[in-house]
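Protein chains in written order, with the working numbering: chain A, 2 to 115; chain B, 114 to 225.
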């Protein structure tokens, strides 16, 4: 079975531009979460979506938004990119919100803002 | 969620047991202890979790002290592929937000 897939794997954008990152969860998983990981730090929670509704939001500005589609895939959108948005963006899926047996992470999208 | 404290780095010889400590002195009764690891350039990987009893799976063992204020992740026979950052996370099972709060973790280096 395919794991969590994210696209693209790498991306270079210019300050002020907009970016869309995509995530396909493991088949049957209904929850998708997004994390940002800057170099040298642990991942930081951005959003959780479950059954197509936002169920949790981290301390990120409104430039960050996301949605989940009927097939449970998800998009993360970031507007007005700043240099500080350069990071590895990780998607994690689980069967339900509680993820008692852990989340499965993708390999991430490496975003570089220049 | 309770805060965790881990040593920034540890070394282990290949084939020996790696014992990674975690302090979570403010943990509350309904909070689980989770361990994830992150191998360079990959996403985090779930290892194991526990509430109050010791747990074992094919990857590792988790020892939680009786007062639940600390725990130890044990990799019984470390290999070079176990070199990674290991994160100890406390998660509230009854909350409304199931986010994982990662610290800086412990960089485990397994040496040949």
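The C-beta atom is built at its ideal place from N, Cα and C for all residues, glycine as well.
Three-state secondary structure (DSSP) at residue i?
i                     : result
residue 163 (chain B) : strand
residue 84 (chain A)  : helix
residue 213 (chain B) : coil
residue 116 (chain A) : For residue 116 (chain A) there is no data in the structure shown, the boundaries of chain A being 2 and 115.
residue 175 (chain B) : strand
residue 112 (chain A) : strand
residue 40 (chain A)  : coil
residue 194 (chain B) : helix
Consider the Cβ of residue i: report whether some Cβ of chain B lies at a distance smaller than 8 Å.
i                     : result
residue 69 (chain A)  : no
residue 87 (chain A)  : no
residue 120 (chain A) : Absent from the structure is residue 120 (chain A), since the part of chain A shown begins at 2 and ends at 115.
residue 46 (chain A)  : yes
residue 117 (chain A) : Outside the shown range of chain A, which is 2 to 115, sits residue 117 (chain A), and nothing can be said about it.
residue 91 (chain A)  : yes
residue 104 (chain A) : yes
For residue i, which option in the options has the closest C-alpha, if you only look at C-alpha atoms?
i                     : options                       : result
residue 97 (chain A)  : A:53, A:37, A:46 and A:9      : A:53
residue 99 (chain A)  : A:12, A:59, A:33 and A:43     : A:33
residue 10 (chain A)  : A:95, A:115, A:91 and A:102   : A:91
residue 1 (chain A)   : A:107, A:64, A:105 and A:106  : Outside the shown range of chain A, which is 2 to 115, sits residue 1 (chain A), and nothing can be said about it.
residue 143 (chain B) : B:132, B:163, B:183 and B:212 : B:163
residue 8 (chain A)   : A:15, A:26 and A:18           : A:26
residue 35 (chain A)  : B:116, B:156 and B:172        : B:156
Mind checking if residue i is an interface residue toward chain A, Cβ cutoff 8 Å exclusive?
i                     : result
residue 189 (chain B) : no
residue 119 (chain B) : no
residue 128 (chain B) : no
residue 213 (chain B) : yes
residue 134 (chain B) : no
residue 162 (chain B) : yes
Just to confirm, is the Cβ distance from residue i to residue j under 8 Å?
i                     : j                     : result
residue 221 (chain B) : residue 135 (chain B) : no
residue 200 (chain B) : residue 150 (chain B) : yes
residue 223 (chain B) : residue 193 (chain B) : yes
residue 127 (chain B) : residue 197 (chain B) : no
What are the start and end residues of the beta strand (DSSP E) that includes residue i?
i                     : result
residue 14 (chain A)  : 11 to 14
residue 134 (chain B) : 131 to 136
residue 221 (chain B) : 219 to 224
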